[in-house]
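Okay, so here's the structure we're looking at.
2 protein chains.
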Amino acid sequence: MSLIVMKFGGSSVGTPERMQLVAKRIIERQQEGNEIIVVVSAMGDTTDDLIDQSKQLNANPPAREMDMLLSVGEQISISLLSMTIHQQGHSAVSFTGWQAGMITEKEHGKAKIKKIDPHRVITAVKNGSIAIVAGFQGMSEDGEITTLGRGGSDTTAVALAAEVGADACEIYTDVDGVYSTDPRVVKRARKLDNISYDEMLELANLGAAVLHPRAVEYAKHNNVKLVVRSSFTHNEGTVVREEAIMEQGVVVSGIAFDKNVARISILGVEDEPGVLAHVFGALADNGIDVDIIVQSGVQDGKADFSFTLSRNDADKALQVIESIRETVTHREATSDDNLVKVSIVGAGMVSNPGVAAKMFATISSLGVSIKMVSTSEIKCSCVIAPDKLSEVVIALHTAYGLDAETEVFVGGPKERR
Amino acid sequence: MSLIVMKFGGSSVGTPERMQLVAKRIIERQQEGNEIIVVVSAMGDTTDDLIDQSKQLNANPPAREMDMLLSVGEQISISLLSMTIHQQGHSAVSFTGWQAGMITEKEHGKAKIKKIDPHRVITAVKNGSIAIVAGFQGMSEDGEITTLGRGGSDTTAVALAAEVGADACEIYTDVDGVYSTDPRVVKRARKLDNISYDEMLELANLGAAVLHPRAVEYAKHNNVKLVVRSSFTHNEGTVVREEAIMEQGVVVSGIAFDKNVARISILGVEDEPGVLAHVFGALADNGIDVDIIVQSGVQDGKADFSFTLSRNDADKALQVIESIRETVTHREATSDDNLVKVSIVGAGMVSNPGVAAKMFATISSLGVSIKMVSTSEIKCSCVIAPDKLSEVVIALHTAYGLDAETEVFVGGPKERR
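Keeping their order, the protein sequence lines are chains A and B.
At position 275 of the first sequence the residue is numbered 418 (my numbering), and the sequence of numbers has no breaks.
At position 402 of the second sequence the residue is numbered 545 (my numbering), and the sequence of numbers has no breaks.
Now the structure itself:
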């Protein structure tokens, strides 16, 4: 008998019909001889509706009270899902975060899981019930309700799977699995049967929003076998695990892209020790994540450097740089907020020289100039102008032999929480 | 410095505007030099909406899961009310039932409060914050979320007031206080300044839905001073306490009525010992509350008897009586489900003979026949046909000298939870 954690996102339970399908799916999985723990997010628009209600009363509410409010979303979905399973003749018991023993730090709105005491969940499962746990939420050690922040339900599922020693953590979503690239851009994108944690992590960080990076990291660290599969089909899905069984000859597993890139350049910086640390320390203190950093050579004691970041953060970053002008003397700071980033990801890259060169050649052959480059052992990213992004992604997908034989049906929007 | 518990019902916080008014009212009360604990119900239609959602998925959901679902209603209202108070520049901390230490029995949907450990609430108040506690809910000793059933938020407020030794428990509602009768029927109904627990209890039990009987009983038992007052005016309200300062010459304080009455008659019952106990035991086992019971004299070893009950329970009661036919031999059982009950209530009745006689005479003078009578020390109830109910209530109100000098403005619907 296997112990399986099944995680369903908000759009999978967004209507009564979908809730019933999900209940049926869970019961089938139990009938196949498994013990089942379900983790579920808030239904459809519940979270947004609650946020709207709060904004009418307080534009900037205390984080503690916001957690009190938002944790309601999952409490609704767990109880309704439990009722639906009962309606279909099977036993289920729902648990809020605190009932499931999810003890977190006390950073409201972005709490990290500290430890888990899942004894009530285990007891329910051992009694033959399906245990249904609220994702995204927990409790601090002094009894305050907390939420885990973005991607929280994925993290709840993975952490619970690790704690109870589950045989697999199945992430159910709107798509069939992890694709070689976004099927809305490349119709011949193909579903991957296997992928390594590191590849998944790169894809997740690069905007392929199937799984939250924090959950992938947690899974890698605790060696939890992840399966990404569809809520609404019985297709096999994609297995994420340490020793990915690499497909023959596959060097690059996927092409990712991010349309939300800005570049900031700081020109004529006095080249003193600690300048870079000072700039990026100040940005980090203001909650700004920086991606690619490039520094040009020093001339006459002055240096230029550039970095990319999320477009939403560009104005704030310029303000931060201006605010530290006294310490970091520079001529000017400029921003270009109309850029995109395209990346190739593959665990096979490290042992195959020339992979990056093929990327540069493919992009250049389309007449597109590469503005910045960043590489890691399993990834190569290029920043380019946005106008030919789709052509670049399609060309790279073909160049690395990723095209599927048939086109993909592209369904509704993806979900994220 | 006084410690005050303020309870607000669902319609008092049903819109953002009302929520803001309630927040203002709470802050005023604190600024007057009081320490404040607020108890609040679910907003407006939240509970009904949640029930509707559940019915779509399971017509008969497990009580445990229903409590899980419905407790969400108050968690939304406490967090939003807390945010609203913060928006107005004051500190507030919300607490779910379990966070406020409301430990209950484990009867889901109608749990009784077992004990209260309000140390977190007290700490918040001592720190200068307004404590906001979810009404209607608690937690069993093994960590299950429970709800208190009908009138639950009133009971939460009174029980908390008793536990913390509050100077008053103020019940805020849509009306100015407790009235001598329903102002929708008698325009010259008048607001009572004072009323005793027992009178309030009778009025509450007789359908004057300002305060739940369970809460009144709890207040009487623990000698909690109750004040019923309006959420939206600054009028004085009605004080409910043990030694009501009786107004000069007032014998009857109020006229109550219940439009939802049925009578069941069991005819030709074998008059054996224990017959009544058997009938009413079986009804109680089936959750049917019986009100007035009348037994006629025994003739030829056979007796007839009748009782009143809520109209909704009449069919079920007939089934129960049929099911015990073997033990309680009888000729036939009939029901009349088109009756009403009118009652006069007053602590002065016990020392004033002739009060009931005046009631019978007033009713008879309108050509209405009295079908059943029940009396207690502070109450006299008559069951009559429904067609002349309003005229009867108006005539009694005048006969007992209760008419006010001016007519009452009748606002929106009353609330109940």
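Glycine residues also receive a C-beta, built at the ideal position from the N, C-alpha and C atoms.
Helix, strand or coil: which one does DSSP assign to residue i?
i, result
"Lys368(A)", "coil"
"Glu475(B)", "strand"
"Thr470(B)", "coil"
"Lys402(B)", "strand"
"Ala547(A)", "coil"
"Asn201(A)", "coil"
"Ala332(B)", "coil"
"Gln242(B)", "coil"
"Asp434(B)", "strand"
"Lys557(B)", "Note on Lys557(B): pLDDT 46, under 50, position unreliable in the model; the coordinate value appears next. Three-state DSSP puts Lys557(B) in coil, outside helix and strand."
"Thr451(A)", "strand"
"Val511(A)", "coil"
"Ser374(B)", "coil"
"Gln231(B)", "coil"
"Lys150(A)", "strand"
"Lys531(A)", "helix"
"Ser160(B)", "Checking the sequence shown, residue 160(B) turns out to be Glu, not Ser. Here Glu160(B) sits in helix by DSSP."
"Val485(B)", "strand"
"Ala309(B)", "coil"
"Val394(B)", "coil"
"Lys257(B)", "strand"
Buried or exposed: where does residue i fall if 16 or more other Cβ atoms within 10 Å of its Cβ makes it buried?
i, result
"Glu178(A)", "buried"
"Leu509(B)", "exposed"
"Arg384(B)", "buried"
"Asp401(B)", "buried"
"Thr251(A)", "According to the sequence provided, residue 251(A) is His. The question's Thr does not apply to it. With 16 or more other Cβ atoms within 10 Å, it is buried."
"Asp443(A)", "exposed"
"His355(A)", "buried"
"Pro159(A)", "exposed"
"Lys150(B)", "buried"
"Ala332(A)", "buried"
"Pro326(A)", "buried"
"Ile527(B)", "buried"
"Gln218(A)", "buried"
"Thr376(B)", "exposed"
"Pro261(A)", "buried"
"Val493(B)", "exposed"
"Asp458(A)", "exposed"
Quick one: list the residues of chain B neighbouring residue i, beta-carbon separation under 7 Å, in chain order.
i, result
"Val215(A)", "Val215, Gln218, Ile219"
"Thr190(A)", "In chain order: nothing, as chain B lies at least about 12 Å away."
"Leu223(A)", "Gln196, Ser197, Leu200, Leu212"
Using 8 Å as the limit for Cβ to Cβ distance, is residue i near chain E?
i, result
"Gln462(A)", "Looking for chain E here will not work: the only protein chains present are A and B."
Which chain A residues sit within Cβ distance under 8 Å of residue i?
i, result
"Thr227(B)", "Leu200, Asn201"
Does any CB atom of chain A fall closer than 8 Å to the CB of residue i?
i, result
"Thr549(B)", "no"
key: Interface positions of the segment 195–213 of chain A facing chain B (Cβ-Cβ less than 9 Å), listed along the chain   = Near chain B, meaning a CB-to-CB distance below 9 Å, the residues of the segment 195–213 of chain A are Gln196, Ser197, Gln199, Leu200, Asn201, Ala202, Asn203, Pro204, Pro205, Arg207, Glu208, Met209, Asp210, Met211, Leu212, Leu213.
query = Listed from N- to C-terminal order along the chain, which residues in the segment 282–307 of chain B have their beta-carbon within a distance smaller than 7 Å of any beta-carbon of chain A?
reply = Answer in chain order: Gly286.
task = Report the residues of the segment 230–245 of chain B with a CB closer than 7 Å to any CB of chain A, ordered along the chain.
result = So the list reads Gln230, Ser237, Gln242, given in the order they occur along the chain.
message = Along the segment 149–162 of chain A, where does the CB come closer than 7 Å to a CB of chain B? Name the residues.
response = So the list reads Pro159, Met162, given in the order they occur along the chain.
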